[in-house]
Amino acid sequence: MLRTILRAGRSESSLVDRIAEDIAVQIIDGTLPPGADVNSVELAKRYSSSRTPVREALLTLQREGLVDIPARRRPRVARVTLAQAREMYEVRASLHGLVSELVVRSADDESLKVLYEWHERLRSAAAGGDVDAYFWHNVAFRQAEADVAGNHQLARMLTSLGLRTLQLRHVSLSLPGRLDRSVSDHERLLQAYSDRDVDLAVAITKSIIMAGLRAIESSHWAD
Numbered sequence: 013m014l015r016t017i018l019r020a021g022r023s024e025s026s027l028v029d030r031i032a033e034d035i036a037v038q039i040i041d042g043t044l045p046p047g048a049d050v051n052s053v054e055l056a057k058r059y060s061s062s063r064t065p066v067r068e069a070l071l072t073l074q075r076e077g078l079v080d081i082p083a084r085r086r087p088r089v090a091r092v093t094l095a096q097a098r099e100m101y102e103v104r105a106s107l108h109g110l111v112s113e114l115v116v117r118s119a120d121d122e123s124l125k126v127l128y129e130w131h132e133r134l135r136s137a138a139a140g141g142d143v144d145a146y147f148w149h150n151v152a153f154r155q156a157e158a159d160v161a162g163n164h165q166l167a168r169m170l171t172s173l174g175l176r177t178l179q180l181r182h183v184s185l186s187l188p189g190r191l192d193r194s195v196s197d198h199e200r201l202l203q204a205y206s207d208r209d210v211d212l213a214v215a216i217t218k219s220i221i222m223a224g225l226r227a228i229e230s231s232h233w234a235d
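Residues 13 to 235, numbered by my numbering, are exactly what the sequence shown covers, in order.
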């Protein structure tokens, strides 16, 4: 599902995919907040379709943990507890730490150049205060890191964490002061990659991710 959203807009997407993508993005960016109703009748009208593809799209989002579908009640955006957020961030920190270790050990200068290019996009979005652009560039930066690391099983594990982590990451980056801090942290990470410093790169990556968790904790969003 994550890869589907990253390639959103391609003509080969089915109607079910497009509906799921649109709803997922609205949940991720906060347009549909936790607990909000998801009206399948209105969605069917919007997409000029029957309710069947809408139902299939909502079932997909339920499997990803973004939507709850209670019996005999309207579907709604799933809520996230702080305990769930902490568990997801602990797993993310460990897996991305391994990504950083592999990047240092295996990436050549040309591969690192790709990461530097994404960092420039991050810097530009932060300078313009564009949270949404920064967020999606950040998602792409992490995906590029996983590609550079070259471990396909690890990349699959990261993808399997699903869309719920994107929702939390958007919340974190939306908080005051987070974009400038994130740009600076990623610059330090890239320098550690260039210096081939495994321990420092892993430590910075874990620090970046756990700083996001602390931002969520302080915001009380998960409450």
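Here a beta-carbon is modelled for each residue, glycine too, at the ideal position from N, C-alpha and C.
- Taking C-beta atoms under 8 Å as the contact rule, I221 and A105 qualify, at a distance of about 4 Å.
- Leaving aside the five residues that flank L202 on each side, the residues in its chain whose CB is nearer than 8 Å to its CB run, in chain order, L124, L127, Y128, H131.
- Here A119 has V160 as same chain residues with Cβ atoms under 6 Å from its own Cβ, once five neighbours each way along the sequence are excluded.
- Of all C-beta pairs linking the region 160 to 170 to the region 131 to 151, fewer than three are shorter than 8 Å, placing the two stretches out of contact.
- In this structure, L225 and Y101 form a Cβ contact; the two beta carbons are roughly 4 Å apart against a cut-off of 8 Å.
- Comparing alpha carbon positions, the residue from T72, G141, R91, L73 closest to A48 is R91.
- According to DSSP, V89 shares a beta bridge with V79.
- With respect to P87, V28 sits apart: the two C-beta atoms are not nearer than 7 Å.
- Listed as beta-bridge partners of D49 by DSSP are R88.
- By the CB criterion at 7 Å, A152 and A145 fall outside the cutoff.
- If one requires a minimum length of 4 residues, the alpha helix (DSSP H) runs lying completely within the region 92 to 166 are 94 to 118, 121 to 139, 143 to 161, in chain order.
- In this structure, DSSP gives H232 a state outside helix and strand, which the three-state scheme calls coil.
- Taking C-beta atoms as the reference points, V210 and V79 fail to come closer than 7 Å.
- Spanning the alpha carbons of E76 and R176 requires a straight line of approximately 7 Å.
- Only buried fits S184, as 16 or more other CB atoms lie within 10 angstroms of its CB.
- Its chain contains A56 as the residues whose beta carbon lies nearer than 7 Å to that of S62, once the 5 sequence neighbours on both sides are disregarded; these appear in chain order.
- According to the DSSP assignment, D197 belongs to the alpha helix (DSSP H) that extends over 190 to 206.
- The C-alpha of Q74 is placed about 21 Å away from the C-alpha of R98.
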